[in-house]
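Below is one structure, written out as structure tokens; comments come after it.
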Amino acid sequence: VYVSQGPLAAEVAKGKLEAAGIPALLRYEAIGRVLGLTVDGLGKVEVLVNAEREAEARELLQESDGP
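Quick note: the sequence shown uses this note's numbering, first residue -5, plus one each step.
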């Protein structure tokens, strides 16, 4: 439901979702995790939720202007 270029914004989005009762997971782009890079898609972090809660999660993040 959300993609960031680094872990900070993804962690904030995950926290907002979980505070609203929506379980969320983070998926890190592998090389960015190892090298700490956040350039040109390296270091991309995806916030994932269950498909049944996707619309609710997107709405919540949009209401709060993203993470």
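All residues carry an ideal CB built from backbone N, CA and C; glycine is no exception.
Bear in mind the structure is a predicted one, so any value in this text is a computation, not a measurement.
Put E40 into one of helix, strand or coil per three-state DSSP.
strand
Write down the C-beta distance between V39 and P17 rounded to the nearest angstrom, noting that I regard them as a contact closer than 8 Å.
Going by Cβ atoms, the distance from V39 to P17 rounds to 17 Å, so no, they are not a contact pair.
Where do the N-terminal and C-terminal ends of the alpha helix (DSSP H) with A14 fall, by residue?
Premise fails: A14 is in no alpha helix (DSSP H) and is neither H nor E.
In the DSSP assignment, find the alpha helix (DSSP H) that holds E57 and state where it starts and stops.
E48 to E57
Starting from V(-3), follow its DSSP beta bridges and name the residues at the other end.
E40
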